[in-house]
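S.K.: One gets my numbering by counting positions in the sequence shown from 1 and adding 22 to each.
Yeah, the Cβ is synthetic: ideal placement off N, Cα and C, and Gly gets one too.
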Amino acid sequence: MADIENLQDGKNFYLDVPHRNPTFELKGCGSLEWGMKNRLARIFDPRDGRTLMLAIDHGYFQGPTTGLERIDVVIPPLLPFADALMSTRGALRSSIPADVQRAIVLRTSGGQSILKELSNELVAVDIDDAIRLNASALAVQVYIGGVHEHESIRNLSRVTNEGNRYGIPTLAVTGVGKELTRDARYLGLATRICAEMGAHVVKTYFCEKDFERVAAGCPVPLVIAGGKKLPEPEALQMAYRAIQAGAAGVDMGRNIFQCEAPAAMIQAVRSVVHGQETAARAYEHYLSLKAEPRSCEYAQR
Ligand code: R5P
């Protein structure tokens, strides 16, 4: 019983230092439980409250999406440059190394394909499987104004309730049907509903006009999807403008993995999200990394 034999009186009580109650600065998340905050801090870098989430969940309704035909080959080299990976459980278990040191945002809704009505989703992943996969957040799609709006809000409620029981935050993904306009009024409506229903993070699209109103009206962190592949300067400009207007980061897929040089592009996006770089400087960064592929192989976050 060496511990008892060598027991000494404690003396470093810092009697002149009041107990510190740590604050948690992430937007709208200060009152959450410790486990929730800890998981959110794995997704959003506590140094700046921002995230670069790499989205690779497209196959859940699109099948083998261009750029994701071989997730096991294409995605692992990009992971050192991401804060979080948004994935289906199938892609995770089959193609992502289990020793990945990045937060996992697990897609939990699905149940349709591009051949049918997109808003017709169900909750496809139970909370116990999400826990087994060590998910840092649960992602669920919400279709405000869509054919199955009510069911998708019900999915959000169910996933949020289950996540709350175990301290796992929910990312609401606002899906926009072809018939809906992606303007600030619509996006403001959709994102606010998601937050009020209890989502801890909301993902939406960028809009050219008044995006700052969308961000301000959403009381929790907002991240933007990249959307369809754009020329690199435009994708970087979109990310830059979204961050300047109040987004807490990006959840970007096609504009990274469909790029000619994905490892260079993810680092350029990272420099906008975390490095305060302008889109023009980030594009220069992209070009120089693209010209020197070995720098992408070995550079680490
Ligand atoms: C939607 O299908 C998925 O949730 C994607 O993760 C999302 O659209 C982000 O990917 P992208 O940047 O390719 O739009």
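In whole angstroms, what is the alpha-carbon distance linking Asp31 and Pro44?
M.R.: Cα to Cα, the separation comes out at about 27 Å.
S.K.: Does at least one heavy atom of the ligand R5P sit under 6 Å from the Cβ of His172?
M.R.: Outside the cutoff, so no.
S.K.: Excluding sequence positions up to five away, which residues of its chain have a Cβ less than 6 Å from the Cβ of Asp205?
M.R.: Cβ within range, chain order: Cys229.
S.K.: Select from Thr192, Leu140, Asp150 the residue whose C-alpha is nearest the C-alpha of Gly167.
M.R.: Closest by alpha carbon: Leu140.
S.K.: List the DSSP bridge partners of Arg72.
M.R.: Looking at the DSSP assignment, Arg72 forms a beta bridge with Asp67.
S.K.: For Thr380, which residues in the same chain have their Cβ closer than 6 Å to its Cβ, ignoring the five residues on either side in sequence?
M.R.: Any answer about residue 380 is impossible in this case: the structure gives the chain only from 23 up to 323.
S.K.: With a Cβ-Cβ cutoff of 7 Å, do Ala106 and Ala120 count as a contact?
M.R.: Taking 7 Å as the Cβ cut-off, Ala106 and Ala120 do not qualify as a contacting pair.
S.K.: Pair every Cβ in the segment 265 to 273 with every Cβ in the segment 230 to 249, then say whether three or more of these pairs are closer than 8 Å.
M.R.: Contact between the segment 265 to 273 and the segment 230 to 249 is present, because at least three Cβ pairs lie under 8 Å.
S.K.: Do the CB positions of His135 and Asn177 come within less than 7 Å of each other?
M.R.: Checking the sequence shown, residue 135 turns out to be Ser, not His. Not a contact, by the Cβ cut-off of 7 Å.
S.K.: Quick one, which of Ala286, Asn142, Gln123, Val96 has its alpha-carbon nearest Asn156's?
M.R.: Per the Cα distances, Gln123.
S.K.: Give the straight-line distance between the Cα atoms of Gln322 and Tyr208, rounded to the nearest whole angstrom.
M.R.: The pLDDT assigned to Gln322 is 44, lower than 50, so where the model puts this residue is not dependable; a value taken from the coordinates is nonetheless given after this. So the two alpha carbons sit approximately 39 Å from each other.
S.K.: Just checking Val294 against the ligand R5P - is the residue's beta carbon closer than 6 Å to any of the ligand's heavy atoms?
M.R.: Because no heavy atom of the ligand R5P lies under 6 Å away, the Cβ of Val294 does not count as near it: no.
S.K.: Which first and last residues belong to the beta strand (DSSP E) in which Asp273 is found?
M.R.: That run of the beta strand (DSSP E) goes 271 to 274.
S.K.: Any idea what DSSP makes of Gln322, helix, strand or coil?
M.R.: Annotation note: pLDDT 44 at Gln322 (below 50); position unreliable, coordinate value reported separately. Here Gln322 sits in coil by DSSP.
S.K.: Nearer than 6 Å: is that true of the beta carbon of Gly249 relative to any heavy atom of the ligand R5P?
M.R.: Flag set: Cβ of Gly249 near the ligand R5P.
S.K.: Is it buried or exposed, Tyr36, if we count other Cβ atoms within 10 angstroms and call 16 or more buried?
M.R.: Flag for Tyr36 reads exposed.
S.K.: Under the DSSP definition of a beta bridge, which residues are partnered with Gln163?
M.R.: DSSP, once it has assigned bridges, lists Val195 as partnering Gln163.
S.K.: Inspect the beta-carbon positions of Gly57 and Gly189 and report whether they are closer than 7 Å.
M.R.: Yes.
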